[in-house]
Structures are given as C-alpha cells and as structure tokens.
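> So the protein lines, in turn, are chains W and D.
FYI, the UniProt record's numbering numbers position 187 of the first sequence as 187, with every residue one higher than the one before it.
FYI, the UniProt record's numbering numbers position 261 of the second sequence as 261, with every residue one higher than the one before it.
Following this message is one structure expressed as structure tokens.
Number of protein chains: 2
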Amino acid sequence: MVQAEARPPVMADVARVAGVSHQTVSRVLNGHPNVRPDTQARVQAAIEELGYQRNSSARALVTRRSGVLGVVAFGTNLYGPASTLASIEHAAREAGYFVSMVSLRTITPQTVHEAVEFLGQQAVEGFIVIAPQRSAVDSLAQLPTSLPIVVVEGGDAPGHTVVCVDQAGGAAAATRHLLEMGHTTVWHIAGPADWLEAEGRVAGWRTALAERGVTPPPLLRGDWSPRSGYHAARQLVERGIDQVSAVFVGNDQMALGVLRAFDEAKIDVPEDVSLVGFDDVPEAAYFSPPLTTVWQDFSAVGRRSIQLLLDHLAASEPNAQQVTVPTQLVQRSSVGVPHPRAATTNG
Amino acid sequence: MVQAEARPPVMADVARVAGVSHQTVSRVLNGHPNVRPDTQARVQAAIEELGYQRNSSARALVTRRSGVLGVVAFGTNLYGPASTLASIEHAAREAGYFVSMVSLRTITPQTVHEAVEFLGQQAVEGFIVIAPQRSAVDSLAQLPTSLPIVVVEGGDAPGHTVVCVDQAGGAAAATRHLLEMGHTTVWHIAGPADWLEAEGRVAGWRTALAERGVTPPPLLRGDWSPRSGYHAARQLVERGIDQVSAVFVGNDQMALGVLRAFDEAKIDVPEDVSLVGFDDVPEAAYFSPPLTTVWQDFSAVGRRSIQLLLDHLAASEPNAQQVTVPTQLVQRSSVGVPHPRAATTNG
DNA sequence: CCCGCTTATGTGAGCGTTAACAATGTGTGT
DNA sequence: ACACACATTGTTAACGCTCACATAAGCGGG
Numbered sequence: 001m002v003q004a005e006a007r008p009p010v011m012a013d014v015a016r017v018a019g020v021s022h023q024t025v026s027r028v029l030n031g032h033p034n035v036r037p038d039t040q041a042r043v044q045a046a047i048e049e050l051g052y053q054r055n056s057s058a059r060a061l062v063t064r065r066s067g068v069l070g071v072v073a074f075g076t077n078l079y080g081p082a083s084t085l086a087s088i089e090h091a092a093r094e095a096g097y098f099v100s101m102v103s104l105r106t107i108t109p110q111t112v113h114e115a116v117e118f119l120g121q122q123a124v125e126g127f128i129v130i131a132p133q134r135s136a137v138d139s140l141a142q143l144p145t146s147l148p149i150v151v152v153e154g155g156d157a158p159g160h161t162v163v164c165v166d167q168a169g170g171a172a173a174a175t176r177h178l179l180e181m182g183h184t185t186v187w188h189i190a191g192p193a194d195w196l197e198a199e200g201r202v203a204g205w206r207t208a209l210a211e212r213g214v215t216p217p218p219l220l221r222g223d224w225s226p227r228s229g230y231h232a233a234r235q236l237v238e239r240g241i242d243q244v245s246a247v248f249v250g251n252d253q254m255a256l257g258v259l260r261a262f263d264e265a266k267i268d269v270p271e272d273v274s275l276v277g278f279d280d281v282p283e284a285a286y287f288s289p290p291l292t293t294v295w296q297d298f299s300a301v302g303r304r305s306i307q308l309l310l311d312h313l314a315a316s317e318p319n320a321q322q323v324t325v326p327t328q329l330v331q332r333s334s335v336g337v338p339h340p341r342a343a344t345t346n347g
Numbered sequence: 001m002v003q004a005e006a007r008p009p010v011m012a013d014v015a016r017v018a019g020v021s022h023q024t025v026s027r028v029l030n031g032h033p034n035v036r037p038d039t040q041a042r043v044q045a046a047i048e049e050l051g052y053q054r055n056s057s058a059r060a061l062v063t064r065r066s067g068v069l070g071v072v073a074f075g076t077n078l079y080g081p082a083s084t085l086a087s088i089e090h091a092a093r094e095a096g097y098f099v100s101m102v103s104l105r106t107i108t109p110q111t112v113h114e115a116v117e118f119l120g121q122q123a124v125e126g127f128i129v130i131a132p133q134r135s136a137v138d139s140l141a142q143l144p145t146s147l148p149i150v151v152v153e154g155g156d157a158p159g160h161t162v163v164c165v166d167q168a169g170g171a172a173a174a175t176r177h178l179l180e181m182g183h184t185t186v187w188h189i190a191g192p193a194d195w196l197e198a199e200g201r202v203a204g205w206r207t208a209l210a211e212r213g214v215t216p217p218p219l220l221r222g223d224w225s226p227r228s229g230y231h232a233a234r235q236l237v238e239r240g241i242d243q244v245s246a247v248f249v250g251n252d253q254m255a256l257g258v259l260r261a262f263d264e265a266k267i268d269v270p271e272d273v274s275l276v277g278f279d280d281v282p283e284a285a286y287f288s289p290p291l292t293t294v295w296q297d298f299s300a301v302g303r304r305s306i307q308l309l310l311d312h313l314a315a316s317e318p319n320a321q322q323v324t325v326p327t328q329l330v331q332r333s334s335v336g337v338p339h340p341r342a343a344t345t346n347g
C-alpha cells in the first residue's frame with residue numbers, strides 16, 4: 001500500500017501537474033514577465049488544484065528577505081500606543097509585510113535590548129521601536145544590530161529616524177487657548193519627567209506662557225494614571241484653589257482624576273476652573289463635563305513610521321529623518337471664562 | 001585586495017574559528033548532550049567573537065517549524081483586546097515563540113479569512129483568533145487551514161478550542177448585587193446583539209432576575225461606545241426615570257455615557273439610580289462616582305490561550321477544550337439602596 | 001590484549017526555493 | 001535561406017541549517 005504523503009505540496013508537485021519545470025512555477029508565483037499566458041493559466045490551475053502554498057522559509061533563505069518587520073512597543077494596553085500599534089500593523093500589511101511584536105511591560109535599556117535581540121533571532125528586516133522614555137532612547141544607541149530602526153516618540157534621538165507627535169505644539173495650543181479665554185495663568189500637571197512626551201508638553205506650556213510674559217506657576221507631576229491626576233488635583237485644592245483658574249493636564253486619564261477630585265471638592269468645571277487634557281481618548285467627550293483636549297493622530301504616526309522604515313529598507317541610506325505629526329485642539333465644555341474671584345490673583 | 005565579506009557569519013565560519021565541524025556548532029546551539037565542556041566553551045567563544053546569529057529561515061526550512069504564532073485580533077485599541085493581546089504576546093515570548101499579529105478594523109467572514117490566509121503565507125504554526133462576534137466565529141468553520149486554532153471570546157464555537165471570560169457569571173453577579181441592595185428590578189443596556197460577550201451578559205442578567213422571579217424590563221442596546229450609553233440613558237430618562245432604580249450597563253465605556261446623561265438630567269448616582277458596569281477599565285475608579293463594575297482577567301485569557309495552543313501543537317490531538325475565566329465584582333460608589341419613590345414602582 | 005559499548009565528533013544529503021545560465025523555439029531583416 | 005535578436009522554458013547550483021549515519025576515541029571485562 002502506498003503511504004499517503006502527509007507533506008504539503010511543493011513547487012515540484014505543482015510543476016509535475018502543470019507539466020512544466022519548477023522554475024516556471026516560481027516565475028508565475030513571482031509575476032515574472034516572459035511566461036506564456038496559457039502556461040501561466042496551467043500553473044495557476046495546478047496551484048489551486050493542489051492547494052499549494054509557497055514555503056516562506058525556503059524563500060527567505062535564498063532571498064535573504066523575511067518580509068517581517070519587528071515592533072517593540074510599550075504600554076500597549078493604553079489608548080495611544082495601542083492605536084499606534086494597530087496603525088503600524090495595518091500599514092505594514094498593506095505593504096505586504098508581516099509584523100512581529102514584542103510588548104514590553106517595563107521599559108529599560110535592558111528590556112529594550114532583550115526585545116531587539118529576541119526579534120533579531122527571527123529574521124526581521126527592520127525595527128520600529130516605540131520609545132517614549134529618555135532612557136529607552138539612549139539605550140537605542142548601543143543596540144546589537146545594524147538593521148534599520150525607526151523610533152516612535154523618541155524626541156530628539158540623534159542619528160535616528162524618528163516619528164513623533166508635535167507635543168510642544170499641541171501643549172502650546174492648549175495653553176494659548178486658556179490664556180485667550182482670559183485666564184491670567186495656566187497650571188500644568190505633567191507626566192513623568194523621563195517621558196519625552198511629558199517633557200514636550202511641558203516645553204510647549206512654558207513657551208505659550210512665555211509669549212505672554214507669564215511666569216509659569218509650580219509644575220505638578222503625575223504618572224499618567226487617573227490616580228495621579230486625582231492626587232495632583234488634591235494638592236491644588238489644598239494649597240488654595242482660589243489661585244487656580246485654569247489647568248492644562250498632561251493627558252486625558254489624569255484629567256479624569258482631576259475632574260473626580262474637583263467634583264469631590266465641589267469645584268465646578270468650567271465654572272470655577274477650566275481644564276484642558278491631551279490625547280482625545282474616545283471617553284473624553286463623555287467626561288463630566290466633556291473635556292476640551294488635544295487630539296493626536298496616532299494613525300498618522302503608525303503610517304509614517306512604516307513609510308520611513310520601508311524607505312530605509314529600499315534605500316539603505318542612513319539619512320536620519322525627523323517627522324513630526326501635528327495635533328489639533330478639540331474644544332468641548334471644560335473651558336470657560338475665568339471666575340471673577342480668580343481674576344484677582346494678586347491679592 | 002581581498003573583498004571584505006559583507007555577509008553575516010554562518011555556522012561554517014564559527015566552526016572554522018572554533019576548530020570543529022559545523023555539526024558540533026549546531027549541537028552546541030541546540031543544547032545537545034555529548035559535547036565536551038571545553039569544546040562547548042570554544043564554540044561559544046567563537047560565536048561571540050564573530051557575533052554569529054543563527055539563520056532562522058534555514059532552521060525553519062529543515063525543521064518545518066517556524067516558531068511563529070499568528071494572532072488575529074480585533075478592536076485592538078480598546079482596553080480589553082489590547083490587554084489580551086499584550087498578555088498573549090508575553091506568554092508566547094516566554095515559551096520562545098514569536099507573535100505575528102493582524103489587527104482587524106472590521107470583523108467579517110471575509111476579513112477573518114483574509115487575515116488567516118495572510119498569516120498562512122508566513123509559516124505560522126498556529127493561530128489565536130479573537131473572535132467576539134458570532135459571524136466571525138461562524139466563519140472560522142470554513143477556514144483554509146489545518147493548523148491548530150484557539151478562539152478567544154468565541155462563546156460556544158463547536159469543535160473549536162475556546163477561551164472565554166465567564167460573561168454570564170459576571171453579569172449575574174452584578175445583577176444579583178443590585179437586587180440584594182434592595183432594588184426590585186434591574187435594567188440592562190446591552191452591547192450589540194451579534195457580539196457574544198453582549199449576549200453572555202444579557203443571559204446572565206436574565207438568569208439573575210429569573211432567580212427572583214422578576215420579569216426583565218425592556219432591553220436597551222448600545223454599541224459599546226460612550227455615545228451609545230449616553231443615548232440609551234436619554235431614552236431611559238424620557239420614558240420615565242421614576243421607574244428605574246438600578247441599571248446594569250454592558251461595559252464601562254457605555255456606563256460613562258450613562259453617567260454623563262444622568263448628570264445632565266440632574267439624576268444622582270447612586271442616590272437616585274444605581275449603576276454597575278463591566279470590564280473594570282483603569283478609568284472606572286475615577287468616574288463620578290467611582291463605578292462599581294465587573295473585573296475581567298484579560299491577562300489570564302491571554303495566558304490560557306497560549307497554553308492551550310501550545311498543548312495543541314505538542315499533542316496534535318484535536319480535542320477541543322473550552323476554558324472559562326472567572327470574573328470578579330468590584331464594588332465602588334455607584335450602587336446604593338433604592339430611593340423610596342423607586343420602591344413604589346407599581347403606581 | 002582484544003571485544004563490545006559508550007561518548008564525542010565528522011561527513012554527506014536534503015529541506016524548497018530563487019538566481020544564473022543554458023537551451024530551445026520563433027520571427028525578422030537581408 | 002541565414003544570422004541574429006528575443007521570448008520562453010529547463011538545468012544546475014547555491015542559500016544555511018539539521019538529520020541520519022559513519023567514524024574515532026576511551027574504557028572496563030574476559
């Protein structure tokens with residue numbers, strides 16, 4: 001009795017059925033010119049008859065191209081990174097590339113290094129590293145690889161190709177908006193100091209204040225979580241909320257915590273205090289009150305990252321580009337004109 | 001002048017430097033026994049000297065194992081799927097597997113089919129499909145692959161290995177909690193009808209009401225978004241909120257919309273109406289008021305999925321298992337005892 | 001002191017594909 | 001009718017690894 005072959009069909013099988021050589025099958029598969037239409041049809045038919053699928057390992061072995069892009073991401077259960085990641089994958093797939101992902105829980109030179117090394121074991125052709133912290137960016141310099149890398153949210157990583165959102169611009173727009181509504185100054189609850197996004201927003205906030213000759217009030221720090229926003233707002237309340245008429249919060253999650261703290265302290269937004277967030281998470285429009293915030297185009301970040309990475313792959317030129325994605329202020333109901341008492345700050 | 005070899009080193013290069021055969025290098029790399037310690041050390045040294053990295057394509061070609069797992073995900077910018085995905089990747093990496101991801105924007109038999117076919121081009125060894133909608137689960141039956149598949153949130157997919165959260169149990173617990181607080185009935189704002197998670201929660205809600213002999217009030221439907229929760233709550237308000245003392249909302253995002261609508265209508269939570277959500281997103285604790293909700297262990301879902309998939313891979317047995325991950329009620333401040341007027345429902 | 005047994009290493013083939021080159025047919029200008 | 005270009009197909013040799021097998025070396029018992 002003949003042993004039934006469990007093995008999936010290979011090119012030679014297709015070639016036999018179609019009555020051609022395996023090389024012709026290869027040509028059909030790769031869309032080479034100079035294959036007669038009827039030959040092509042016969043091969044095509046044989047492929048479907050056998051349910052043939054090309055062996056990607058063999059192909060990768062000989063072409064030295066795996067068609068896989070590695071993505072090292074962080075905080076992927078947060079809205080921003082998750083959206084960026086999805087967009088990266090989408091753009092990569094459209095370009096015919098696979099995405100192999102490593103999702104980091106903590107981001108240190110150590111973990112970034114390990115992630116890149118891990119992906120290096122698989123034959124990725126290039127990397128996208130979402131490196132929102134300074135330490136992560138620094139660790140990029142000494143990576144054990146010569147593969148092209150695009151850094152997302154990597155701020156001013158010298159010598160690297162970087163895609164980032166115009167944090168400073170968005171923050172300045174938010175701050176200016178509050179100033180233009182008549183607030184004499186704007187407080188800021190920032191994200192963690194080692195986060196480049198946090199620093200960019202702080203810088204934008206400072207810039208907008210400086211434009212008006214306003215000395216920035218003391219900076220408050222959170223860790224992006226609603227909890228930390230809540231605590232920062234408590235501090236504000238305790239040190240005298242009368243002094244505060246407008247707050248620019250580093251992200252929407254912290255803004256939610258702020259809202260909660262103000263609600264508990266019977267401080268009305270925007271009647272008593274105006275608030276602007278950052279991110280424009282889907283929930284922001286349904287906070288109480290709906291939050292004025294800064295929209296980030298995460299989708300564009302993902303698309304541009306892939307685009308730059310593919311450019312690098314094609315050109316093999318090491319020209320490090322810096323791409324900045326603009327933001328947009330989304331006005332809702334958390335900003336109002338300053339309360340009379342708040343106008344007399346200098347009392 | 002000798003042309004410098006740009007090619008990365010291969011096993012033969014390592015072998016030459018270490019003074020052994022390529023096969024011995026292979027043995028060291030794969031941790032085979034019967035290699036003398038000093039030989040092993042020499043090979044190890046040569047590997048490091050040359051910065052050798054094994055060519056995974058060549059290895060995959062001959063072993064017929066790529067070490068890559070495919071994940072088809074949906075709604076990856078939402079908290080639940082994003083958390084599950086991260087957990088899947090983590091568990092896979094710990095087991096030494098790579099994760100290739102496809103993130104779907106719309107989930108139809110068509111897109112699921114395409115995603116699986118796409119991943120099939122890469123030589124994935126198995127799939128995890130996050131298929132939260134009935135139509136997606138149905139489309140799984142006729143997939144063009146014989147590879148092992150684990151379905152996440154696939155409800156009662158017959159013949160498939162499924163990991164899902166105990167939606168009905170969680171919903172019943174939420175409903176019972178409201179009933180035990182003294183509410184005579186509980187309204188429900190459900191997710192979309194074709195979502196298995198939504199249906200599971202509806203079923204649990206009905207069960208808990210039936211236990212007390214309570215006829216379920218009319219079911220309201222949303223689409224998981226805060227917007228839809230807002231509109232459902234508006235309906236409730238317009239048709240007479242006096243009839244309503246407790247609402248179980250299909251997820252936290254919709255609950256936020258409900259909160260917003262109630263806030264606008266000057267309906268206090270939990271004073272006038274009690275509310276329970278589902279998911280326990282990080283923001284839920286900072287809603288106004290902090291939301292009582294049902295916690296889902298997304299991390300466990302991811303871990304169990306990988307575990308089952310690896311079992312399948314090892315056993316090649318087609319024994320379809322169904323794993324259910326328990327939930328937990330998280331009590332915060334959105335539930336209270338019923339208002340006196342609400343007790344006289346039959347008025 | 002040789003036999004068999006174990007341990008340590010080397011040799012050769014083959015995985016399924018693409019690239020380079022060879023070989024065949026097909027038509028065109030002279 | 002002949003040479004030459006060109007379109008179409010086939011043949012052969014890598015790619016870098018693991019597997020199966022062959023071989024050499026070490027070691028205790030008769």
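Beta carbons: idealized from backbone N, C-alpha and C, even for Gly.
Judging by CA-CA distance, which residue of W:V202, W:V244, W:R206, W:L259 is the nearest neighbour of S228 of chain W?
Against the first sequence, residue 228 of chain W aligns to sequence position 228. The option with the nearest alpha carbon to S228 of chain W is W:L259.
> Applying a beta-carbon distance threshold of less than 7 Å, which residues of chain D neighbour residue 352 of chain W?
Outside the displayed range of chain W (1 to 347) lies residue 352 of chain W, so it cannot be described from this structure.
> My assumption, with CB atoms under 8 Å, is that R332 of chain D sits in contact with A285 of chain D. Please give the rounded CB distance.
Residue numbering aside, residue 332 of chain D sits at position 332 when the second sequence is read from its first letter. Residue numbering aside, residue 285 of chain D sits at position 285 when the second sequence is read from its first letter. Right, their Cβ atoms sit about 6 Å apart.
> Between L50 of chain W and chain D, is the shortest Cβ-Cβ distance under 8 Å, so that the two count as touching?
To locate residue 50 of chain W, count along the first sequence from 1; it is residue 50. Not an interface residue.
> Assuming W187 of chain W contacts L236 of chain W under a Cβ cut-off of 8 Å, what Cβ separation, rounded to an integer in Å, is found between them?
Taking the first sequence and counting its residues from 1, one reaches residue 187 of chain W at position 187. Taking the first sequence and counting its residues from 1, one reaches residue 236 of chain W at position 236. Correct: roughly 7 Å between the Cβ atoms.
> Between D263 of chain D and chain W, is there a C-beta pair that is closer than 8 Å?
The count along the second sequence starts at 1 and reaches residue 263 of chain D at position 263. Yes - at least one Cβ of chain W is within 8 Å of the one on D263 of chain D.
> Just verifying my parser: in three-state terms, what is the DSSP assignment at Q253 of chain D?
As a position in the second sequence, residue 253 of chain D is number 253, starting the count at 1. Note: Q253 of chain D maps to helix in three-state DSSP.
> Could you check what DSSP says for W187 of chain D in three-state terms: helix, strand or coil?
As a first step, residue 187 of chain D is located in the second sequence; it is residue number 187 there, counting from the start. Residue state, collapsed to three classes: strand.
> Tell me, please, whether the CB atom of E283 of chain W is closer than 8 Å to any CB atom in chain D?
Translated into positions along the first sequence, residue 283 of chain W becomes position 283. Chain D, which has a Cβ nearer than 8 Å to the Cβ of E283 of chain W, makes this yes.
> Closer than 8 Å is the cut-off here; do at least three beta carbon pairs connect the segment 53-71 of chain W with the segment 271-278 of chain D?
Segments in contact, no.
> I need the DSSP call for S66 of chain W, collapsed to helix, strand or coil.
As a working mapping, residue 66 of chain W is identified with position 66 in the first sequence. In this structure, S66 of chain W counts as coil in the three-state DSSP scheme.
> Once you ignore the five residues that flank D272 of chain W on each side, which residues in its own chain have a CB closer than 7 Å to its CB?
Sequence index remark: in the first sequence, residue 272 of chain W carries index 272 (1-based). These residues qualify, in order along the chain: H339.
> Just verifying my parser: in three-state terms, what is the DSSP assignment at V330 of chain W?
Translated into positions along the first sequence, residue 330 of chain W becomes position 330. In the structure shown, V330 of chain W sits in a strand (DSSP, three-state: E or B).
> Can you find at least 3 beta carbon pairs, one from the segment 75-92 of chain D and one from the segment 67-85 of chain W, that sit closer than 8 Å?
Because the criterion of three Cβ pairs below 8 Å is met, the segment 75-92 of chain D and the segment 67-85 of chain W touch.
> Could you tell me which residues DSSP pairs with L140 of chain W in its beta bridges?
Indexing the first sequence from 1 puts residue 140 of chain W at position 140. Beta-bridge pairing links L140 of chain W to no other residue.
> Do you know whose CA, among D:I47, D:N251, D:H231, D:R239, lies nearest A12 of chain D's CA?
As a first step, residue 12 of chain D must be located in the second sequence, where it is residue number 12. Looking at the Cα atoms, D:I47 is the closest of the given residues.
> Judging by CA-CA distance, which residue of W:I130, W:P109, W:H113 is the nearest neighbour of S83 of chain W?
Residue mapping note: residue 83 of chain W aligns to position 83 of the first sequence, counting from 1. Ranking the options by Cα distance to S83 of chain W, first place goes to W:I130.
> What residues of chain D sit near H90 of chain W, judged by a beta carbon separation below 7 Å?
On the first sequence, residue 90 of chain W is found 90 positions in, with the first residue counted as 1. What H90 of chain W touches in chain D: S103.
> Can you look up I88 of chain W in the DSSP assignment and give me helix, strand or coil?
Mapped onto the first sequence, residue 88 of chain W falls at position 88. The answer is helix: DSSP assigns I88 of chain W an H, G or I state.
> Distance check for E283 of chain W and V72 of chain W, CA to CA, integer angstroms please.
Taking the first residue of the first sequence as 1, we reach residue 72 of chain W at position 72. Taking the first residue of the first sequence as 1, we reach residue 283 of chain W at position 283. Approximately 27 Å, taken between the alpha carbons.
> Should P56 of chain W be flagged as near chain D, meaning a C-beta pair shorter than 8 Å?
If you number the first sequence from 1, residue 56 of chain W lands on position 56. A small fix is needed here, since residue 56 of chain W is Ser in this sequence, not Pro. Closer than 8 Å: yes.
> Give the DSSP-derived three-state secondary structure of T292 of chain D in the structure shown.
To locate residue 292 of chain D, count along the second sequence from 1; it is residue 292. If DSSP states are grouped into helix, strand and coil, T292 of chain D belongs with the strands.
> Run the CB neighbour count on A174 of chain D, radius 10 Å, all protein chains shown included, and call it buried at 16 or more, exposed below.
Here residue 174 of chain D refers to the residue found at position 174 of the second sequence. Label assigned to A174 of chain D: buried.
> Nearest by alpha-carbon distance to V152 of chain W: which of W:L309, W:R64, W:G336 is it?
Working through the first sequence from its first residue, we reach residue 152 of chain W at position 152. If we check each option's Cα against that of V152 of chain W, W:L309 comes out closest.
> Give the secondary structure of T39 of chain W by DSSP, where H, G and I count as helix, E and B as strand, and everything else as coil.
Here residue 39 of chain W refers to the residue found at position 39 when the first sequence is read from its first residue. DSSP places T39 of chain W in helix when its eight states are reduced to three.
> Please state whether DSSP places R221 of chain D in a helix, a strand or coil.
Position 221 of the second sequence holds residue 221 of chain D. R221 of chain D: strand per DSSP, three-state reduction.
> Taking 8 Å as the cut-off, decide whether the C-beta atoms of L119 of chain W and G70 of chain W are in contact.
By one-based count along the first sequence, residue 119 of chain W stands at place 119. By one-based count along the first sequence, residue 70 of chain W stands at place 70. It is a contact, given that the beta carbons lie within the stated cut-off.
> So that I know if they touch, is there some Cβ in chain D lying closer than 8 Å to that of P226 of chain W?
For the purposes of this step, residue 226 of chain W is taken as the residue at position 226 of the first sequence. Answer yes: the Cβ-Cβ gap between P226 of chain W and chain D drops below 8 Å somewhere.
> Flag G191 of chain D as yes if its beta-carbon sits less than 8 Å from any beta-carbon of chain W, otherwise no.
Position 191 of the second sequence, counting from 1, holds the residue named residue 191 of chain D. It does not: the Cβ of G191 of chain D has no partner Cβ on chain W nearer than 8 Å.
> Along chain D, which residues have their Cβ under 9 Å away from the Cβ of L61 of chain W?
Counted from its first residue, the first sequence places residue 61 of chain W at position 61. The contacting residues are N55, S57, A58, A60, L61.
> Is the closest heavy atom of the ligand GDP to the C-beta of T111 of chain W under 7 Å?
Among the ligands in the structure shown, none appear at all, so the ligand GDP cannot be discussed.
> Can you find a CB in chain D that lies within less than 8 Å of the CB of A86 of chain W?
Position 86 of the first sequence, counted from the start, is the residue given in the question as residue 86 of chain W. Answer yes: the Cβ-Cβ gap between A86 of chain W and chain D drops below 8 Å somewhere.
> Tell me T161 of chain W's beta-bridge partners as DSSP assigns them.
In the first sequence, the residue the question calls residue 161 of chain W occupies position 161. BP columns for T161 of chain W point to W:V150.
> Using DSSP with H/G/I as helix, E/B as strand and the rest coil, what is T175 of chain W?
Start at 1 with the first residue of the first sequence, and residue 175 of chain W comes out as number 175. Note: T175 of chain W maps to helix in three-state DSSP.
> Strictly by DSSP, which residues pair up with Q322 of chain D?
Taking the second sequence and counting its residues from 1, one reaches residue 322 of chain D at position 322. Q322 of chain D is bridged to D:V162.
> Would you kindly report the start and end of the unbroken beta strand (DSSP E) that includes F118 of chain D?
Taking the second sequence and counting its residues from 1, the one referred to as residue 118 of chain D is at position 118. Here F118 of chain D belongs to no beta strand (DSSP E); instead the alpha helix (DSSP H) covers 109-121.
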